[in-house]
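2 protein chains.
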Amino acid sequence: MSADGSKRKRQGGKADTSNATAASGRVRTVKEIAAAANVSVATVSRALQRPEIVSEATRLHIQEVVKRLGYTPNALARNLRTARTRLIVALLPDIANPFFSQVIRGIEQVAHENGYSVLLGETQSSLVREQAYADMVAARQADGIITMSHRVPAIPMQGRLPVVNACEYVKDQQISSVYVDNVAGARAAVDYLVTLGHRDIAFIAGPPASPICIDREQGYRLALEAAKLPGDPALTAVGDFSIEAGERAIELLLSQGQSFTAVFCSNDEMAIGAMRALASRGLRVPQDVSVVGFDDIRFSRYMTPALTTVAQPKNALGREAMSMLIELLNDPEVPPRKRVLSADLVVRGSTAPCPPRRA
Amino acid sequence: MSADGSKRKRQGGKADTSNATAASGRVRTVKEIAAAANVSVATVSRALQRPEIVSEATRLHIQEVVKRLGYTPNALARNLRTARTRLIVALLPDIANPFFSQVIRGIEQVAHENGYSVLLGETQSSLVREQAYADMVAARQADGIITMSHRVPAIPMQGRLPVVNACEYVKDQQISSVYVDNVAGARAAVDYLVTLGHRDIAFIAGPPASPICIDREQGYRLALEAAKLPGDPALTAVGDFSIEAGERAIELLLSQGQSFTAVFCSNDEMAIGAMRALASRGLRVPQDVSVVGFDDIRFSRYMTPALTTVAQPKNALGREAMSMLIELLNDPEVPPRKRVLSADLVVRGSTAPCPPRRA
DNA sequence: CAGTGCAATGTAATGGATTACATGAAATCG
DNA sequence: CGATTTCATGTAATCCATTACATTGCACTG
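Respectively, the protein sequence lines represent chains A and B.
This note's numbering puts the last residue of the first sequence at 368; the count rises by one with no breaks.
This note's numbering puts the last residue of the second sequence at 368; the count rises by one with no breaks.
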């Protein structure tokens with residue numbers, strides 16, 4: 010039972026005369042390893058893929074040769090043959106938005122627990138870019154994708170697409186989605202402002218194409234209605250989720266002479282922009298104007314004042330999305346689901362009771 | 010010259026009897042397309058890869074069939090054959106750090122200009138994760154990598170590794186790196202504090218394993234020396250670049266009873282943490298303590314007060330890194346370079362003249 | 001009109017691994 | 001001890017596209 014490989018038998022003995030490039034430091038193939046180890050390519054492949062079905066002596070010998078010669082199997086060839094890559098692509102709209110980074114973490118955790126690697130593709134919300142990354146699935150370079158936009162990229166396949174939707178949701182009932190109850194979250198935020206006595210509550214909406222934005226706006230409206238507040242449409246401004254958009258929205262409202270004592274923003278970054286714009290107009294947060302955001306990104310608690318916001322369970326969103334995708338990859342028959350998590354208001358320093366009405 | 014494909018000639022005529030799965034909506038291969046279009050696989054391949062060498066009639070006909078049947082070439086097979094993927098992997102230590110997002114933007118811009126796609130791999134500074142992504146190159150799944158850590162992953166290849174190093178640098182002279190002059194940047198920051206009259210300047214260092222951190226510390230020391238200031242080692246605390254580390258560092262210094270009127274932090278996130286910790290101890294920034302960061306992340310200007318920091322040319326770092334990598338992929342003979350960009354101090358509100366010495 | 005060159009297309013080798021099937025030896029059974 | 005499993009390994013087909021080389025028809029030349 011010596012593992013030194015000196016007694017390879019059952020073999021023609023055409024060992025070293027092979028055309029293997031010997032000790033040169035180049036790219037190896039199974040063939041070369043097989044020749045060097047004096048076994049067949051099948052045995053090399055088996056020794057690496059399912060070591061338990063190869064005799065111990067052979068296995069150790071092959072492993073030694075692999076190590077000595079420095080061999081990494083060509084994943085393209087492997088994946089071509091096996092028709093799976095154990096790679097998934099996560100499409101994220103904006104790498105600069107810290108909200109997504111926590112979601113990604115959740116995705117990666119579950120992926121690694123299940124032997125998958127995650128590649129990130131930044132799309133900047135561009136359809137073209139989304140499609141380009143999605144094509145990797147069609148081209149068999151990845152097994153599935155998690156998209157964080159409200160669109161489902163086209164993948165020419167029949168049956169269930171290996172796509173899961175996170176943080177957003179798509180109408181298509183064939184696609185599983187994980188997202189939070191944006192209506193309830195927004196409603197909770199605005200309810201809270203109402204409790205504080207605010208009556209003139211402005212709203213900075215997000216991109217109207219996105220369902221979650223519509224939901225957040227609806228939550229805002231429902232809260233106003235419940236409080237029997239008029240809800241002046243002129244108190245709503247639209248932004249694109251960027252800090253700058255938040256600043257511009259406030260500038261706009263103020264320059265229009267709108268008066269309000271609170272602003273609810275569709276995300277934290279716009280809230281951060283709003284706080285800055287208010288400050289530069291000499292309005293104090295929260296004494297003059299209360300500000301609430303949505304998402305609870307990492308930086309929000311470090312603002313001055315710390316931002317009151319609706320926290321999304323970012324890690325859970327990611328974990329759940331990846332779990333669903335793996336489930337789907339393992340069994341294309343599992344029925345699609347829309348999973349809704351809850352978003353909770355986190356009260357910090359940017360909100361305060363409504364100031365006494367200025368004459 | 011009719012493009013309807015009705016006059017395919019020079020062909021055995023064994024057209025439709027093929028085993029192609031006809032109109033079923035499944036995954037296609039060249040063979041099926043060739044059969045459906047009544048041409049050879051070579052012609053299909055050519056019509057898609059180099060349309061100009063195929064007659065117009067045939068090309069249009071094939072394109073129509075491809076479109077109708079919904080065919081996407083298997084990239085694995087293609088890449089296996091051509092031995093290139095036009096994919097590069099960018100290893101980023103921490104997706105949550107906004108500094109990197111701008112660098113990524115630069116990388117992606119140049120990549121797309123040159124027909125490459127970028128996949129991001131988050132490593133969380135873990136050697137294992139770095140290696141896992143780097144193995145994709147060894148496994149021929151990607152053409153090259155840009156690493157933003159101070160380590161070069163092992164890739165069993167002879168000659169130049171298709172690796173470029175950005176934001177950090179490695180001693181290995183065979184690897185091209187792009188980074189800023191950290192010594193000069195740090196020095197400028199501390200010089201500025203000196204100019205403001207500060208004499209007791211604390212320093213929050215980054216992970217000591219990282220060369221750029223050593224450089225930033227050196228810049229700090231050089232500035233102190235130049236100003237003939239003692240430079241008490243007890244005024245230095247070490248952090249790991251996180252916001253929390255910045256808070257802890259300040260807590261530590263204060264609890265040790267250290268007195269200082271300024272802090273220079275090795276990155277912005279630690280500076281943000283520092284500001285918060287100072288505030289919660291009742292110390293005002295900048296009246297009592299000035300704070301300077303490094304990087305100029307997006308959120309820094311939105312802090313209250315806005316953070317004075319050393320700005321890195323993030324986009325340029327990314328663009329330059331990708332340019333170097335493409336150059337290297339096109340010609341493995343190009344000599345490696347270490348490219349050093351400059352980092353400039355951006356003065357904002359977190360720094361002020363040294364307060365009069367308290368009794 | 002034979003000869004040459006070019007354009008368009010086809011045939012088959014190729015890339016590197018996995019794996020179904022085949023084979024031989026050893027172990028087990030009755 | 002012959003028959004039957006089981007184990008370890010080998011041979012060759014396969015995954016799918018690209019491309020070197022071969023072939024064919026046609027236009028053009030002298």
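Beta carbons are placed, not taken as given, at the ideal position from N, Cα and C, and that holds for glycine.
Being a predicted model, the structure only gives us computed values, none of them experimental.
Think of a sphere of 9 Å around the beta carbon of serine 126 (chain A): the chain B residues whose beta carbon falls inside it are Gly130, Ala141, Tyr142 and Met145, in chain order.
Per DSSP, isoleucine 154 (chain B) is one residue of the beta strand (DSSP E) stretching across 153 to 156.
Proximity of chain B to glutamate 117 (chain A) at the Cβ level (cut-off 8 Å) is accounted for by Glu131, in chain order. For valine 173 (chain A), the closest Cβ of chain B is not nearer than 8 Å.
Every beta strand (DSSP E) of 3 residues or more that sits fully in the stretch 284 to 323 of chain B is shown, in chain order, as 299 to 304 and 317 to 320. For glycine 194 (chain A), no beta strand (DSSP E) segment is defined; the enclosing uninterrupted segment is the alpha helix (DSSP H) at 191 to 204. Between threonine 313 (chain A) and threonine 360 (chain A), the C-beta gap is not smaller than 8 Å, which leaves the two residues out of contact.
For leucine 238 (chain B), no alpha helix (DSSP H) segment is defined, and its DSSP state is neither H nor E.
The beta carbons of threonine 67 (chain A) and threonine 91 (chain A) sit no closer together than 8 Å. Against chain B, the beta carbon of asparagine 88 (chain A) has neighbours under 7 Å at Leu85, listed in chain order.
In the DSSP assignment, alanine 148 (chain A) falls outside any alpha helix (DSSP H), carrying neither H nor E. With a cut-off of 8 Å on Cβ pairs, the stretch 184 to 199 of chain B is in contact with the stretch 219 to 230 of chain B, counting three or more such pairs.
For threonine 270 (chain B), no alpha helix (DSSP H) segment is defined, and its DSSP state is neither H nor E. By alpha-carbon distance to valine 39 (chain B), the top candidate from B:Lys76, B:Asp144, B:Asp152 and B:Val247 is B:Lys76.
Residue pairing for tyrosine 188 (chain B): DSSP places it in a beta bridge opposite B:Val349.
DSSP, reduced to helix, strand and coil, places asparagine 174 (chain A) within a strand of the structure shown.
Between alanine 352 (chain A) and glutamine 267 (chain A), the alpha-carbon positions lie close to 30 Å from each other. In the three-state reduction of the DSSP assignment, isoleucine 97 (chain B) falls in the strand class, which pools E and B.
Chain order gives no chain A residues near isoleucine 97 (chain B), where near means a beta carbon separation below 8 Å; the closest approach is about 11 Å. Taking glutamine 265 (chain B) as reference, the option from B:Asp144, B:Gln58 and B:Ala211 with the minimal CA-CA separation is B:Ala211.
Contact fails between the stretch 293 to 311 of chain A and the stretch 237 to 253 of chain A, because fewer than three Cβ pairs, one in each stretch, are under 8 Å apart. Excluding its 5 nearest sequence neighbours in each direction, arginine 37 (chain A) has C-beta neighbours in its own chain below 8 Å: Leu78, Gly79, Tyr80 and Thr81, listed in chain order.
When secondary structure is reduced to three states using DSSP, isoleucine 104 (chain B) falls in the coil class, being assigned neither helix nor strand. Taking 8 Å as the threshold, the shortest C-beta distance from isoleucine 281 (chain A) to chain B falls below it. Inter-segment contact for the stretch 167 to 180 of chain B and the stretch 233 to 245 of chain B is absent: fewer than three beta-carbon pairs are separated by less than 8 Å. For chain B, none of the residues of the stretch 40 to 54 of chain A brings a beta carbon within less than 8 Å of one of its beta carbons. In the DSSP assignment, threonine 245 (chain B) forms a beta bridge with B:Phe212.
Going by DSSP, glutamate 131 (chain B) is part of the beta strand (DSSP E) stretching over 126 to 131.
Residue contact with chain B for phenylalanine 250 (chain A): absent (no Cβ-Cβ distance below 8 Å to any residue of chain B). Against chain B, the CB of proline 341 (chain A) has no partner CB under 8 Å away; the residue lies outside that interface. Exposed is the label assigned to glutamine 183 (chain B), since fewer than 16 other Cβ atoms lie within 10 Å of its Cβ. When the beta-carbon positions are compared, isoleucine 155 (chain B) and alanine 218 (chain B) stay at least 8 Å from each other. Under the three-state reduction of DSSP output, cysteine 274 (chain A) falls in the strand class. For a Cβ distance threshold of 7 Å, residue set Phe308 of chain B lies close to phenylalanine 308 (chain A), ordered along the chain. Of the candidates B:Ile281, B:Asn83, B:Ala147 and B:Ile62, B:Asn83 places its Cα closest to the Cα of glutamate 41 (chain B).
Taking C-beta separations shorter than 7 Å and ignoring five residues to either side along the sequence, leucine 89 (chain B) has no partners in its chain.
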